[in-house]
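Residue numbers (my numbering): 36 to 1312.
Structure below.
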């Protein structure tokens, strides 16, 4: 507006004062000035704009009040009163101010602005005048006069700064409203907001200022909301210059640009309408740190509670999601952290985030994988609906992460979800069902190799799955139904956990027993061994050893500590008592107090593993009551999601497992009464488990619980005679374990059963055979002689040597247990009875073992059809081959019988691992592994696994390799922990398996042509299958030892047939292939061997010192073929289920990686390894692996063509070879004459007839006539 000329008074220029107000000059005192000014203020306050006469009358006074005397007066009261007058003057004379000079106006408004600082102190007596000043200025919008001033911005900046600085929490709403009115009018009615003025507003939003003055922040926030339409353009211009043009000098706030954007967005997203596209540009910056800052900002904007930015600005959202894959690690990390808030605040965006989190869950950076888990778990803990199954699947995957920190986070996260939703049911049954898999998954982890994983699973089980803090009844109910809902592998893992804890308790008990003995060197050595074993069951074995030694030293010095520990591991220790003992032991070891005490932490790990926090007598009693309720039908089974039958069966299984680890807790009449009720139930599994519980826990029944004894005996007798095979076995063992007069009890079972044996009714034979076998095993002195007659007259002559029924000719090589004929099941049990009888006797004085071994060998050579009447089906023959191979392997575990097993019989047994039936190979390999891993079988049986290189199924090869790794690891560990003599070293050192392997491969029925390249390649694969595992590390120069061992073998002869040049040549060829493999795979094998190897005399003759065999049996061409490894035209093993003699039988090739999804990292020693019915299917005909059908292919015209006819007409070499062990009908049977050689080793091979071994080749085994087997097994002599 235009400023008018200074108004002049009508008369002279004399200043007119209000009535009773004297002249105000510099000469009067300040008090008098204040007194007179108050009256002036009162006058102006009472005036309004319509008082023209008064306005003219007091015009000179108004001009006088703007003089330097008043504006620069040192007295603040004077200045305040003058300011109030000036404010009223602007009100009265509006819209034309009486002041014409721009400089004067500037001075006046700066003066008024300075007076507004008085608003800060609300308790000041003058505050009301300051408030009046503010109110007047706001109401009149006096500052709008300044718009015409060139430097009005200075006035506005000073005003804004003043108001933001004085606002505080003592001001009421009116003060804030007047301030807002004053400032908003300047912003909204001006031509624009300068950067400096904008800075005075925005600076209050910066976190540092925000924290200093919350009221200034609120004032700025409200001001921006009120002026959003006007100020948005100015804000956009500011961010454009800083973000896009990079002009950081435009404002001091440039370095706080991202903080400002976040605050402005929270105030009103409309303030940033034009700014958001600029952020998309910044997200693509080449500077990683800059991208990181933008990502941090946008994470807050997108993740804010009520933010709709993702839906309103999809391009920016998609660009932001792209930063999940940023090359800069901190950017990816920040993106992942954002996801947690986003999932919780915006569930609708979960689908967009899922794919990106999936990729990041496999990020190479550990921290990012860790944060993905934290993100998902935090969202899940807030509300399970926020995380979908796919997100939970990512956490599930990370439980197997290679890094412990990630695995731990994943496992703990899942445990917390399980406790919240499954245990406490915080979100209902439907949500609990959604994550019911967690309990199984967590327990499966117990089979990881890391001890850290095992310890964490135990901790999770004790704190989250079955919290030990619950009272006994609630705790046992939780355990009872958890056990019923677990899958098979989880149950086995939980059983293994209790078994390991029990084993550790036993070790500690043995350690305490050693402390009770007098000090000696032997005692010290024994203690050291126990401490080393205990240390391996604790994290960080190296540190654990040191801490356990220290703990052992403390135990030796502190008798009270030993008493507490002894109480803790006592079988009678209750859960409450265990807690007190742990607390007391921990207290004793706490001194001196330290911020971190790793020694105490390690001892706590040990105490947590051995303390019985779940199971005691009271707990077992509670479990039995739950079981009774399930039996009576009064339990909450259905409500807990399990059927009563399942609850009863799983409850008995749970009690059975606990009877192994806590037998003392079962000793009560109430418990045994309930178990007797279970024995009368129809469910066979329930009764079997109940018998086993009696067997494990009933040692005091006879002396303390006579009533239970009198009821139990007839039940056990009945189960031994007419129960299921498993019940019969447990009943016999139970009688033997808990009764003093067991001889009488067993005789009462043995005699009627032995008289009632009838081979014409095989269905009724199985249970009696099981009972008789176990009786002869447990009481050999009493029943060995009677059994001898039964074996000779009934088992062999009447049962094994007769085929009464005709088997099912469906062509399958394996059928389910239900489809096996009763006669064959009886024969299998008869074979087991023979073995148990021999294992009970443990001697071969009557040569019964020799006869039995010949019988078993004959069964293997005849492929399971011992009588060769061809009545038995292929699947039943497979069962008998498996039983015969397993029987030889079982006898080999007893030293007295191992010594009489001939090399030929060993080879027959080993070749079962290459049987034509997949299930036979699978089950035999598992039995072999379990016996080897317990160090029950001699070392030569480890060599059998080398034949698994021929198996065409990838899963079987992977399993065999894992078995080798486990067995070799256990043997090395045993050697390290136990000082051994040289003889024992030969039976345990894994490298000593090589001579057995070489001998076994030299007698492989497939190895018929020594210089055939394909057969040499087969040898190489078998050798490398074993040597690869042995040569992983060159410990103690073992590579040179292996080379020396093979070279030594070449200086000997085959003890099986020392005078046969062809047999020795085959042996030397295998040695040369082995040397070729060792030399090509190791650079250290040419060093000096640490010691001279000793060869087994059973397989090799002593070396001839006068003869040096330095001949190379491999041609240069053969070496080239072995080195180049050219692809072979046929598979390593002739077939999966060896190609039968049926023409046209398809040949199975080794499966590729895509044929099997079984992980090679499975733990073969764990119960998790299941028997899998893996079937390799034909891609054309869909024929299964164990079906004996020729492949039928389709010709181009759609007609089926039999491959047999095609092969015969073309004259290809597909004429079936006579099955090994039995020539075709046209040739005499090897059983017809003992002196004639058998053609093979009991497994079938598909090869042209002309490839058969020449007649001059030595016999691998002598097979008696079928009709003479009984004579050989004449056990009466």
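The beta carbon of each residue, even a glycine, is placed where N, CA and C say it ideally should be.
- According to the DSSP assignment, residue 592 belongs to the alpha helix (DSSP H) that extends over 576-592.
- In this structure residue 385 is buried. Its beta-carbon is surrounded by 16 or more other beta-carbon atoms within 10 angstroms.
- In the three-state reduction of the DSSP assignment, residue 1135 falls in the strand class.
- Shortest Cα-Cα distance from residue 120 to any of 82, 130, 139 involves 82.
- Residue 689 is positioned such that its CB atom lies closer than 8 Å to that of residue 515.
- Less than 8 Å divides the Cβ of residue 199 from the Cβ of residue 235.
- Leaving aside the five residues that flank residue 305 on each side, the residues in its chain whose CB is nearer than 6 Å to its CB run, in chain order, 263.
- Taking C-beta atoms as the reference points, residue 128 and residue 90 count as a pair closer than 8 Å.
- When DSSP states are grouped into helix, strand and coil, residue 282 belongs to the coil group.
- In the DSSP secondary-structure assignment, residue 985 is not bridged to any residue.
- Residue burial annotation: residue 147 is buried, with at least 16 other C-beta atoms found within 10 angstroms of its C-beta.
- Sorting 112, 475, 319 by C-alpha distance to the C-alpha of residue 530 places 475 at the top.
- In terms of Cα proximity to residue 1043, the closest of 1002, 1099, 1076, 1068 is 1099.
- With respect to residue 936, residue 888 sits close: the two C-beta atoms are nearer than 8 Å.
- The DSSP assignment places 187-201, 208-224 as complete runs of the alpha helix (DSSP H) inside the segment 180-235, in order along the chain (cut-off: 4 residues).
- The way I'd put it, the segment 870-880 doesn't touch the segment 899-916; fewer than three beta-carbon pairs between them come closer than 8 Å.
- Put simply, of 141, 165, 215 the residue whose alpha carbon is nearest the alpha carbon of residue 188 is 141.
- Between the segment 409-426 and the segment 444-454 there are three or more C-beta pairs closer than 8 Å, enough to call the two in contact.
- Counted as a single uninterrupted DSSP element, the alpha helix (DSSP H) harbouring residue 558 occupies residues 556-570.
- Counting only residues of its own chain and dropping the five nearest sequence neighbours on each side, residue 913 has a CB closer than 6 Å to the CB of 848, 849, 952, 955.
- The shortest CA-to-CA distance from residue 575 to any of 820, 616, 542, 490 is the one to 490.
- Shortest Cα-Cα distance from residue 618 to any of 599, 765, 308, 949 involves 599.
- Between the alpha carbons of residue 303 and residue 210 lies a distance of about 23 Å.
- For the 8 Å CB-CB criterion, residue 534 and residue 643 do not form a contact.
- In the structure shown, the three-state DSSP call for residue 57 is coil.
- Under the DSSP assignment, residue 443 falls in the alpha helix (DSSP H) whose first and last residues are 439-452.
- For residue 792, the closest C-alpha among the options 244, 832, 325 is that of 832.
- Contact between the segment 1038-1057 and the segment 995-1002 is not established, with fewer than three Cβ pairs separated by less than 8 Å.
- Per DSSP, the unbroken alpha helix (DSSP H) holding residue 767 starts and ends at 760-773.
- Collapsing the DSSP output to three states places residue 595 in a helix.
- When only Cα atoms are considered, residue 590 and residue 423 end up about 52 Å apart.
- Put simply, the backbone Cα of residue 615 is about 9 Å away from that of residue 603.
- Ranking 719, 813, 795, 873 by CA distance to the CA of residue 862 puts 795 first.
- Rounded to whole angstroms, the gap between the alpha carbons of residue 399 and residue 759 is 55 Å.
- Scanning its chain for C-beta atoms nearer than 8 Å, with the 5 sequence neighbours on each side dropped, one finds around residue 621 the residues 635, 638, 639, 642, in chain order.
- Under the three-state reduction of DSSP output, residue 1094 falls in the coil class, being neither helix nor strand.
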